[in-house]
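Data block below; observations after.
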Amino acid sequence: MSTAVIESEQPGGAEEAPIQSFLVTFNIRRFDPEVDAEPRWVDYDVEMYPTERVLDALHKIKWEQDGSLTFRRSCAHGICGSDAMRINGRNRLACKTLIKDLDISKPIYVEAIKGLPLEKDLVVDMDPFLDAYKAVQPFLVSHSKPETGKERLQSPEDRARFDDTTKCILCAACTSSCPVFWTDGQYFGPAAIVNAHRFIFDSRDDAADVRLDILNDKEGVWRCRTTFNCTEACPRGIQVTQAIAEVKQAVLRGGR
Amino acid sequence: MSTSTAGGVVKDGVHYHQFDIVIVGAGGAGMRAAIEAGPNANTAVISKLYPTRSHTGAAQGGMAAALSNVEEDNWEWHTYDTVKGGDYLVDQDAAEILAKEAIDAVIDLENMGLPFNRTPEGKIDQRRFGGHTRDHGKAAVRRACYAADRTGHMILQTLYQNCVKLGINFFNEFYVLDLITVKDEDGATQVAGVVAYELATGELHVFHSKAVIFATGGFGKIFKTTSNAHTLTGDGVGIVWRKGLPLEDMEFFQFHPTGLYGLGILLTEGARGEGAILRNASGERFMERYAPTIKDLAPRDIVARSMVQEVLDGRGAGPHKDYVYLDCTHLGAEVLETKLPDITEFARTYLGVDPVVEPVPVMPTAHYAMGGIPTNNNAEVLRTNTDVVPGLYAAGECACVSVHGSNRLGTNSLLDINVFGKRAGQNAVEYVKTADFVPLPEDPAAEVRDLIEGLRANAGTERVATLRKTLQNDMDLKAQVFRTEDSLTEVLGTIEELRERYKNVHVDDKGKRYNTDLLEAVELGFLLDIAEVVVYAARNRKESRGGHMRDDYPKRDDENYMKHTMAYLTGDPHSSDAADHITLDWKPVVITRYEPMERKY
Chain A
1 MSTAVIESEQ
11 PGGAEEAPIQ
21 SFLVTFNIRR
31 FDPEVDAEPR
41 WVDYDVEMYP
51 TERVLDALHK
61 IKWEQDGSLT
71 FRRSCAHGIC
81 GSDAMRINGR
91 NRLACKTLIK
101 DLDISKPIYV
111 EAIKGLPLEK
121 DLVVDMDPFL
131 DAYKAVQPFL
141 VSHSKPETGK
151 ERLQSPEDRA
161 RFDDTTKCIL
171 CAACTSSCPV
181 FWTDGQYFGP
191 AAIVNAHRFI
201 FDSRDDAADV
211 RLDILNDKEG
221 VWRCRTTFNC
231 TEACPRGIQV
241 TQAIAEVKQA
251 VLRGGR
Chain B
257 MSTSTAGGVV
267 KDGVHYHQFD
277 IVIVGAGGAG
287 MRAAIEAGPN
297 ANTAVISKLY
307 PTRSHTGAAQ
317 GGMAAALSNV
327 EEDNWEWHTY
337 DTVKGGDYLV
347 DQDAAEILAK
357 EAIDAVIDLE
367 NMGLPFNRTP
377 EGKIDQRRFG
387 GHTRDHGKAA
397 VRRACYAADR
407 TGHMILQTLY
417 QNCVKLGINF
427 FNEFYVLDLI
437 TVKDEDGATQ
447 VAGVVAYELA
457 TGELHVFHSK
467 AVIFATGGFG
477 KIFKTTSNAH
487 TLTGDGVGIV
497 WRKGLPLEDM
507 EFFQFHPTGL
517 YGLGILLTEG
527 ARGEGAILRN
537 ASGERFMERY
547 APTIKDLAPR
557 DIVARSMVQE
567 VLDGRGAGPH
577 KDYVYLDCTH
587 LGAEVLETKL
597 PDITEFARTY
607 LGVDPVVEPV
617 PVMPTAHYAM
627 GGIPTNNNAE
637 VLRTNTDVVP
647 GLYAAGECAC
657 VSVHGSNRLG
667 TNSLLDINVF
677 GKRAGQNAVE
687 YVKTADFVPL
697 PEDPAAEVRD
707 LIEGLRANAG
717 TERVATLRKT
727 LQNDMDLKAQ
737 VFRTEDSLTE
747 VLGTIEELRE
757 RYKNVHVDDK
767 GKRYNTDLLE
777 AVELGFLLDI
787 AEVVVYAARN
797 RKESRGGHMR
807 DDYPKRDDEN
817 YMKHTMAYLT
827 GDPHSSDAAD
837 HITLDWKPVV
847 ITRYEPMERK
857 Y
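So the protein lines, in turn, are chains A and B. At position 146 of the first sequence the residue is numbered 146 (the numbering used here), and the sequence of numbers has no breaks. So the number in the numbering used here is just where the residue sits in the second sequence, counting from 1, plus 256.
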């Protein structure tokens with residue numbers, strides 16, 4: 001249990017020093033494909049400050065206790081999308097989950113995101129996720145050439161129409177929180193639909209009908225059960241379920 | 257038994273692939289090169305990360321180009337600002353290319369689909385940024401093309417989207433660890449490809465190619481407080497160094513003024529471009545004293561130094577008086593939410609400070625390497641001051657053209673990756689049309705195998721994280737914004753000691769699959785090699801210029817130092833005395849239009 005209080009000064013931290021640190025227990029679902037037949041839960045006690053993040057805890061374990069703990073991370077401030085994982089049963093980015101926002105009177109459970117093949121510890125195979133993304137033609141398709149050396153014009157209002165879905169960092173937190181995706185890996189999943197939305201509603205794009213056709217498929221938007229898990233999971237605050245609903249409406253309308 | 261699904265011909269447990277062009281790194285420069293190379297030559301992009309994880313995505317504020325969409329501007333003013341911003345160590349012919357080709361580079365991205373912010377007329381909107389001025393310094397100019405405060409994210413996504421569209425061949429989570437070179441009969445270096453370690457399987461892959469483009473990014477992780485990703489360990493720069501090829505201007509590292517206090521997470525200069533103000537503990541707008549004309553929009557080296565000076569003079573804020581404030585409160589919630597949404601969220605999430613109502617604690621953070629692998633204007637890698645290695649290219653932060661001189665202007669790096677990434681791709685395509693494959697040497701993966709297996713088998717007791725932390729702490733203390741002969745000599749001593757201890761480094765994970773423990777040990781080797789060059793070159797430059805501030809030599813000294821540093825690995829690379837294996841030389845600066853002048857803002 002994790003209520004022991006350690007008095008010391010936090011390195012960096014804008015508040016009055018000293019700041020209390022706590023001994024926090026992390027229960028991590030580990031899997032070494034070269035040794036384990038099944039994943040297993042392993043406990044680690046880590047000294048943490050309230051303003052630190054779960055990624056800091058994983059680093060402390062890896063750097064001070066067990067170097068074999070394996071996870072992806074890069075930017076460490078929520079824009080590269082490497083470290084999506086299930087923390088206490090919710091999909092989050094480890095680098096954006098602060099210790100003070102978790103109940104540290106109980107162990108914190110950390111495991112890989114669900115629905116994608118588990119490779120090792122917190123690492124999953126991202127290729128099926130990216131295949132679904134690639135299948136919706138996530139790139140601008142325009143049948144007219146812009147004037148040489150000039151930008152295509154777009155009003156601020158037209159630009160705002162798809163702003164929300166441009167924020168996607170392809171972390172897979174949404175798709176791997178979706179119960180439909182868990183039971184049917186063929187479903188495109190929220191992230192692919194978000195990225196389709198980003199182009200369907202871009203006034204410069206001419207391939208909305210192609211993408212709507214793709215997403216009208218039996219594994220497309222109609223599989224969405226509007227459970228809102230994806231919207232809750234999105235670390236970028238994208239209104240994912242709403243974006244899916246807008247794509248559904250566009251399918252029914254037969255166009256943007 | 258191989259578990260790799262990446263293909264290639266397997267011989268003695270090593271996978272062999274053949275491509276005309278191999279691009280190492282899938283950030284902005286690598287993918288911009290791939291968009292040129294992919295449709296015109298058999299091309300592979302090899303990346304340590306999935307492409308969209310690259311740190312180009314962290315760039316926030318904008319990409320400079322004199323489009324004149326919102327006010328009068330021209331590329332010549334942009335060239336001048338770049339040269340002056342770099343404290344005249346910029347190669348002026350290269351800066352002119354950068355500024356001229358900026359316009360097409362932005363238009364290319366828009367045409368590829370990049371969702372820039374727009375003016376009411378529907379054109380690409382532009383905003384102010386540090387050091388970018390109208391008519392040679394008269395006033396700040398709106399030159400930065402932007403997409404909220406996530407311009408880098410949009411560039412990375414747009415480039416990746418276009419790579420998907422073009423069907424570019426990616427090898428993701430493949431860690432390139434060696435450049436395969438062969439000496440021709442005259443002793444000149446020829447390129448035959450690269451060797452990569454596949455993270456998923458631990459297997460080695462030889463990529464036999466006619467041309468190699470390095471686009472591996474920076475090495476901010478030599479410092480503790482940095483805006484850089486954990487993965488920015490200077491691998492590409494380190495590989496080239498270990499091959500005996502030179503590195504240029506390594507002493508020049510940029511410290512971005514506004515890192516979140518204690519964390520180093522970047523808050524864009526675009527905030528100041530939109531009107532945010534730096535204040536000391538008493539609320540004074542101190543930049544008025546240091547740069548009376550453009551104040552908070554002075555170039556980064558000047559602002560960072562001014563901030564540290566305020567703290568040293570006792571005017572810092574907070575319980576330890578060790579930071580200053582970035583005040584955005586007068587901008588209003590709407591500007592923050594629409595033009596600076598990400599940094600607003602960073603401050604709220606990581607410091608619990610809401611920029612709408614309170615000023616944000618900030619201090620400089622290690623941000624960008626001006627130095628790197630020397631190239632000419634065609635992105636060809638130099639092996640001497642004048643001779644190139646045929647078929648070898650570098651672009652982006654890992655390269656030194658030099659368009660940034662001793663201090664890069666904000667928004668010029670997103671520009672650099674696009675202009676010189678494109679040039680690298682185009683020139684590699686031309687090269688492979690007529691070049692032949694250089695035959696591979698016997699067992700080209702031997703050195704990498706020795707490196708990997710040596711680390712895996714090492715029974716030493718040193719921990720990677722301990723050595724890395726010691727390096728980073730000491731670099732922050734002794735080689736950051738202010739440097740002296742003594743501080744640099746001390747940190748060089750630390751590095752030499754760490755290089756010795758690194759020989760006894762131990763990894764816990766002995767496995768093959770996703771061995772990130774081993775990966776971090778390899779990365780630490782590159783960090784130590786690079787930090788040594790940075791500090792050794794910094795100690796040798798007894799002047800202050802741009803990002804390199806010597807307290808003991810506070811003036812710029814054009815008579816003795818108006819030249820680029822060229823560092824070479826010579827002698828015993830494993831010796832613990834830098835003087836035994838680093839040789840420093842100089843390279844002239846290209847001056848075309850602008851004679852060096854005192855730098856005032």
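Every residue gets a Cβ at the ideal spot worked out from N, C-alpha and C, and that includes glycine.
Cross-chain neighbours of residue i in chain A, by beta carbon under 7 angstroms
{"i": "B:E593", "result": "Chain A residues near B:E593: none, gap ~11 angstroms exceeds 7 angstroms."}
{"i": "B:Y306", "result": "M126"}
{"i": "B:E366", "result": "E151 and R152"}
{"i": "B:K421", "result": "F139"}
{"i": "B:D505", "result": "Those within 7 angstroms of B:D505 in chain A number zero; the least Cβ separation is about 26 angstroms."}
Proximal residues of chain B, C-beta to C-beta of residue i below 7 angstroms
{"i": "A:S82", "result": "R309"}
{"i": "A:E174", "result": "Glu is not the amino acid found at residue 174 of chain A; the sequence shown has Cys there. Under the 7 angstroms cutoff, chain B gives no residues; its nearest Cβ is about 15 angstroms from A:C174."}
{"i": "A:D32", "result": "G767"}
Option nearest residue i by Cα separation, candidates the options
{"i": "B:A403", "options": "B:N771, B:I353, B:R755 and B:L670", "result": "B:L670"}
{"i": "A:R167", "options": "A:E219, A:V240 and A:A76", "result": "Residue identity differs from the one stated: residue 167 of chain A is Lys in this sequence, not Arg. Residue A:V240 is the option with its Cα nearest to A:K167."}
{"i": "B:S303", "options": "B:A777, B:I469 and B:T437", "result": "B:I469"}
{"i": "B:Y416", "options": "B:E753, B:G474, B:G369 and B:E779", "result": "B:G369"}
{"i": "B:F693", "options": "B:V438, B:T722, B:A456 and B:G408", "result": "B:V438"}
{"i": "B:T722", "options": "B:D813, B:Q413, B:L784 and B:T631", "result": "B:L784"}
{"i": "B:Q274", "options": "B:E327, B:S465 and B:E366", "result": "B:S465"}
{"i": "B:L254", "options": "B:Y687, B:P697, B:G767 and B:V737", "result": "Only positions 257 to 857 of chain B appear in this structure, which leaves residue 254 of chain B out of reach."}
{"i": "B:M822", "options": "B:M619, B:H804 and B:P630", "result": "B:P630"}
{"i": "B:K340", "options": "B:T389, B:Y792, B:W842 and B:Y579", "result": "B:T389"}
{"i": "A:L55", "options": "A:I28, A:P156, A:P39 and A:E38", "result": "A:I28"}
{"i": "B:T726", "options": "B:T750, B:S662 and B:S743", "result": "B:T750"}
Buried or exposed by the 16-neighbour rule on C-beta atoms within 10 Å, applied to residue i
{"i": "B:L523", "result": "buried"}
{"i": "B:M287", "result": "buried"}
{"i": "B:E601", "result": "buried"}
{"i": "B:L568", "result": "exposed"}
{"i": "B:G515", "result": "buried"}
{"i": "B:V613", "result": "exposed"}
{"i": "B:N373", "result": "buried"}
{"i": "A:K96", "result": "buried"}
{"i": "A:Q65", "result": "exposed"}
{"i": "B:E459", "result": "buried"}
{"i": "B:N674", "result": "buried"}
{"i": "B:N683", "result": "buried"}
{"i": "A:G115", "result": "buried"}
{"i": "B:K267", "result": "exposed"}
Own chain partners of residue i with C-beta closer than 6 angstroms, once the 5 adjacent residues on each side are dropped
{"i": "B:T335", "result": "A351, E352 and A355"}
{"i": "A:A14", "result": "Here the model assigns A:A14 a pLDDT of 47, short of 50, so the residue's position is not dependable, and the following value carries that caveat. Around A:A14: no qualifying Cβ."}
{"i": "A:Q10", "result": "Since pLDDT at A:Q10 reaches only 45, below the 50 mark, its modelled position is unreliable, and the value read off the structure follows with that caveat. Here the set comprises I19 and Y49."}
{"i": "A:R223", "result": "V180 and Y187"}
{"i": "B:V616", "result": "L582, A603 and V609"}
Interface residues of chain A facing residue i [CB-CB closer than 8 angstroms]
{"i": "B:G781", "result": "Chain A residues near B:G781: none, gap ~16 angstroms exceeds 8 angstroms."}
{"i": "B:D764", "result": "D66, G67 and S68"}
Within chain B, the residues that residue i reaches when beta carbons sit closer than 8 angstroms
{"i": "A:G149", "result": "I359, D360 and I363"}
Beta carbon proximity, residue i to chain D, threshold 9 angstroms
{"i": "A:H197", "result": "Annotation note: the requested chain D is absent from the structure, which comprises protein chains A and B."}
Under 9 angstroms by beta carbon: chain B residues contacting residue i
{"i": "A:P156", "result": "N373, R374, T375, P376, G378 and D381"}
Close beta carbons around residue i, own chain, < 8 angstroms, minus the five adjacent residues each side
{"i": "A:R225", "result": "P179 and V180"}
{"i": "A:R40", "result": "R29, R30 and F31"}
{"i": "B:P295", "result": "L422"}
Residues near residue i in its chain [Cβ-Cβ closer than 7 angstroms; skip 5 each side]
{"i": "A:R256", "result": "I200, F201, A208 and A250"}
- [ ] Please list the segments of the alpha helix (DSSP H) lying wholly inside the stretch 683-743 of chain B, counting only runs of 4 or more residues, in order along the chain.
- [x] 702-713 and 720-734
Task: Sequence ranges, beta strand (DSSP E) only - wholly within the stretch 807-857 of chain B, length at least 3 - done: 819-825 and 838-844
- [ ] Could I get the ranges of all uninterrupted beta strand (DSSP E) runs contained in the stretch 28-78 of chain A, with 3 residues as the minimum, in chain order?
- [x] 40-48
Open item on the list: Which complete beta strand (DSSP E) runs does the stretch 442-494 of chain B hold, if anything under 3 residues is left out?
Closed with: 445-454 and 460-470
Open item on the list: Ignoring anything shorter than 3 residues, give me the beta strand (DSSP E) runs that lie fully in the stretch 89-124 of chain A, in order along the chain.
Closed with: 90-93, 108-111 and 118-120
Task: In chain order, each beta strand (DSSP E) run of at least 3 residues that lies wholly inside the stretch 621-665 of chain B - done: 636-638 and 644-650
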